[in-house]
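If you're matching them up, the sequences are chains R and E in order. Numbering-wise (this note's numbering), the first sequence opens with residue 702 and increments by one. Numbering-wise (this note's numbering), the second sequence opens with residue 702 and increments by one. The beta-carbon is built from N, C-alpha and C at its ideal position, and this holds for glycine as well. Structure first, then comments.
There are 2 protein chains.
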Amino acid sequence: MADIGAHSAGKRVKNGHETLAVSPGMTLAESLRQKLEGAIAAGHLEPGSRLDEQEIAQRFGVSRTPVREAFRLMAANNLVELRGRQGATVRSIKAQALIEMFQVMAELEGLCARLAARRVSQAWGAEIGDIHQRLVAAGETGDIDVFYDINQEFHEAIYEASRNSFLADQTRKLRNQVAAYRSRVTRMPNRIADTVREHEAIMQAILAHDPERAHSAMRDHVNLLGDNLLDFLAAFE
Amino acid sequence: MADIGAHSAGKRVKNGHETLAVSPGMTLAESLRQKLEGAIAAGHLEPGSRLDEQEIAQRFGVSRTPVREAFRLMAANNLVELRGRQGATVRSIKAQALIEMFQVMAELEGLCARLAARRVSQAWGAEIGDIHQRLVAAGETGDIDVFYDINQEFHEAIYEASRNSFLADQTRKLRNQVAAYRSRVTRMPNRIADTVREHEAIMQAILAHDPERAHSAMRDHVNLLGDNLLDFLAAFE
DNA sequence: ATACCAATATAAGTATACATATCGGCCCTC
DNA sequence: GAGGGCCGATATGTATACTTATATTGGTAT
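What follows is the structure, encoded as structure tokens:
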């Protein structure tokens with residue numbers, strides 16, 4: 702066995718293979734999960750592609766056991782599909798399933814916005830305002846990667862403002878599941894301008910403490926993104 | 702190794718230990734997951750209690766490997782908590798978390814009902830009517846376990862009628878997570894009569910193709926159950 | 001030539017052996 | 001006598017060996 706994680710905290714392992722961060726109370730399986738989920742979200746692992754236990758084990762210089770456990774963990778987040786006795790594949794989401802997922806996501810994010818509208822404080826108003834301004838700035842410079850990150854921040858801030866950590870968790874997970882597909886859409890022609898406008902409407906409704914308007918504004922925003930995404934995918938097939 | 706699942710399909714294993722159903726394309730880990738999840742939902746495994754790998758492995762006459770994998774699978778469903786290097790425990794849900802979960806569940810089940818109202822067919826109307834009649838009958842004879850099962854059937858029928866299999870899945874999972882707590886509430890004084898009345902309102906709204914009414918009726922139904930549950934728990938602490 | 005069966009190969013599932021971290025008890029010191 | 005540190009026991013994490021199912025390929029028969 703490789704001399705992994707035995708000594709001090711915050712180590713890194715390099716076995717002549719790929720590096721793997723190993724934090725204090727962290728197991729190899731958990732590290733692998735993070736690494737692989739990141740690769741999936743970033744699109745480095747194509748949806749539908751097979752995950753070979755042995756190959757991945759070799760690549761990171763570990764045995765099959767933690768790899769298998771990481772697969773189980775990821776299956777929990779619906780990021781990989783386990784077909785008994787037939788291996789694991791990166792979950793490939795069909796257009797129909799994406800429609801369904803956006804329908805649910807619109808509702809959950811809408812609920813976040815509604816709760817946020819009921820509960821926001823003054824301080825939060827300043828925070829979201831700052832985020833939005835940075836989003837506008839990124840939109841003007843056209844730096845798409847930064848725009849994508851700040852967009853994420855905006856939604857995250859609303860999750861937190863809902864003060865329902867379970868809801869925040871569920872919504873985040875769902876957002877994560879479609880991340881691999883979403884990231885391809887951010888680059889569409891009018892998406893940046895539309896996003897800025899839609900965010901404005903959401904923000905105003907929340908700050909005006911209008912739950913119903915916040916709900917529908919957010920729902921529309923998510924649904925529009927979903928529609929864009931489906932248009933985008935349709936152009937490919 | 703015990704001679705498990707090696708030969709024909711649909712077997713049962715008995716090693717002088719507890720029996721474990723092993724279906725055709727099913728792994729031991731999956732079987733264990735089902736068995737243990739059932740035990741949790743039925744309340745045979747107390748929330749917060751520790752799950753000992755070795756003990757469970759011995760009890761079912763298997764090695765620790767499939768037991769560990771079953772734990773990971775269950776962690777995916779939020780039914781057990783894995784604290785690295787410190788074992789697995791049956792997830793214990795605090796009152797605050799239950800409130801949050803019911804808030805989300807009300808919204809999801811409400812969405813199911815809304816979609817169902819838009820999409821139901823004639824045949825489905827007959828089916829849900831039959832289920833409801835059986836629920837009423839079970840309520841009159843006072844057989845609570847049967848009532849509980851038919852109640853589940855009713856909700857399940859609406860999940861399916863939403864024609865959104867992702868939504869159905871999410872809702873089912875959430876329902877499963879709170880099952881261990883819900884089951885204690887079914888036995889409350891007026892719950893049976895209330896449930897029947899509330900189901901009637903939901904059913905009528907759906908059959909009348911009134912999405913908004915179906916949504917709010919279902920949301921109220923779930924919220925009332927949540928309130929009852931919290932009252933029940935409060936009486937204990 | 002195609003379809004079906006059989007045999008073999010490959011990869012998933014399971015068992016077991018080994019490494020290592022956490023927890024509890026006991027002893028020593030202050 | 002109490003508190004802290006050290007040591008050992010126990011259970012989790014990981015590696016490896018072995019079993020078994022599924023898929024693929026080749027051959028044969030129709």
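Beta-carbon spacing of residue i, residue j below 8 Å
| i | j | result |
| --- | --- | --- |
| Leu-930 (chain R) | Arg-873 (chain R) | no |
| Gln-878 (chain R) | Met-802 (chain R) | yes |
| Arg-876 (chain R) | Leu-816 (chain R) | no |
| Thr-790 (chain R) | Ser-750 (chain R) | yes |
| Ala-740 (chain R) | Ala-818 (chain R) | no |
| Leu-737 (chain E) | Ala-771 (chain E) | yes |
| Cys-813 (chain E) | Ile-859 (chain E) | yes |
| Gly-762 (chain R) | Ala-881 (chain R) | no |
| Arg-920 (chain R) | Glu-756 (chain R) | no |
| Leu-926 (chain R) | Val-886 (chain R) | yes |
Residue i Cβ short of 7 Å to the ligand FMN heavy atom set
| i | result |
| --- | --- |
| Gly-785 (chain E) | Questions concerning the ligand FMN fall outside what the structure shown contains, since it holds no ligand whatsoever. |
Nearest-angstrom Cβ-Cβ length linking residue i and residue j, presumed shorter than 8 Å
| i | j | result |
| --- | --- | --- |
| Met-904 (chain R) | Ile-829 (chain R) | 6 Å |
| Trp-825 (chain R) | Ala-777 (chain R) | The pair is not a contact, with the Cβ atoms about 31 Å apart (cut-off 8 Å). |
| Ala-918 (chain R) | Ala-909 (chain R) | Rounded, the Cβ-Cβ distance is 11 Å, inconsistent with contact. |
| Arg-773 (chain E) | Arg-773 (chain R) | 4 Å |
| Leu-868 (chain R) | Val-805 (chain E) | 5 Å |
| Gly-840 (chain E) | Ile-893 (chain E) | 5 Å |
| Val-768 (chain R) | Met-775 (chain R) | Wrong, their Cβ atoms sit about 11 Å apart, outside the cutoff. |
| Glu-731 (chain R) | Gly-785 (chain E) | 7 Å |
| Met-889 (chain E) | Phe-933 (chain E) | 6 Å |
| Arg-792 (chain E) | Pro-748 (chain E) | 7 Å |
| Gln-810 (chain R) | Arg-760 (chain R) | Checking the sequence, you will find Glu at residue 810 (chain R) rather than Gln. Their Cβ separation, rounded to whole angstroms, is 36 Å, which puts Glu-810 (chain R) and Arg-760 (chain R) out of contact at 8 Å. |
Endpoints, the beta strand (DSSP E) within which residue i is located
| i | result |
| --- | --- |
| Thr-790 (chain R) | 789 to 791 |
| Glu-782 (chain E) | 781 to 783 |
Residue i at chain E interface by Cβ criterion, 8 Å
| i | result |
| --- | --- |
| Ser-866 (chain R) | yes |
| Glu-801 (chain R) | yes |
| Val-805 (chain R) | yes |
| Gly-785 (chain R) | yes |
| Arg-914 (chain R) | no |
| Leu-774 (chain R) | yes |
| Gln-759 (chain R) | no |
| Gln-871 (chain R) | yes |
| Glu-810 (chain R) | no |
| Gly-861 (chain R) | The displayed chain sequence assigns Glu, not Gly, to residue 861 (chain R). Chain E contact via Cβ: absent. |
| Glu-731 (chain R) | yes |
| Ser-793 (chain R) | no |
Within-8 Å CB hit, residue i to chain R
| i | result |
| --- | --- |
| Asn-778 (chain E) | yes |
| Thr-728 (chain E) | yes |
| Val-714 (chain E) | Its pLDDT being 46, under 50, Val-714 (chain E) is placed unreliably in this model, and the coordinates cannot settle the point. |
| Glu-754 (chain E) | no |
| Glu-738 (chain E) | no |
| Gln-735 (chain E) | no |
| Ala-798 (chain E) | yes |
| Ala-707 (chain E) | Only weak support is given to the placement of Ala-707 (chain E): the predicted model assigns it a pLDDT of 33, under 50, and the value that follows is read from those uncertain coordinates. Cβ-Cβ to chain R under 8 Å: no for Ala-707 (chain E). |
| Glu-857 (chain E) | no |
| Glu-770 (chain E) | yes |
| Met-919 (chain E) | no |
| Ala-710 (chain E) | For Ala-710 (chain E), the pLDDT reaches just 35, beneath the cut-off of 50, and the residue's location in the model is therefore unreliable, although a value from the coordinates is still provided. No - not a single Cβ of chain R is within 8 Å of the one on Ala-710 (chain E). |
| Glu-828 (chain E) | no |
| Glu-901 (chain E) | no |
| Phe-933 (chain E) | no |
| Met-702 (chain E) | Annotation note: pLDDT 35 at Met-702 (chain E) (below 50); position unreliable, no value reported. |
Segment limits, alpha helix (DSSP H) that includes residue i
| i | result |
| --- | --- |
| Phe-772 (chain R) | 765 to 777 |
| Ala-862 (chain R) | 845 to 862 |
| Gly-811 (chain R) | 796 to 820 |
| Asp-911 (chain R) | Unbroken run through Asp-911 (chain R): none, as it is neither H nor E. |
| Ala-824 (chain E) | 823 to 842 |
| Leu-746 (chain E) | Note, Leu-746 (chain E): premise wrong, no alpha helix (DSSP H); not H, not E. |
| Ala-936 (chain E) | Segment: none, Ala-936 (chain E) is in no alpha helix (DSSP H) and carries neither H nor E. |
| Thr-872 (chain E) | 866 to 878 |
| Arg-760 (chain R) | 754 to 761 |
Exercise for the section: Please determine if the stretch 889 to 897 of chain E and the stretch 827 to 843 of chain E are in contact, where contact requires at least 3 C-beta pairs separated by less than 8 Å. Expected result: The way I'd put it, the stretch 889 to 897 of chain E does touch the stretch 827 to 843 of chain E; three or more beta-carbon pairs between them come closer than 8 Å.
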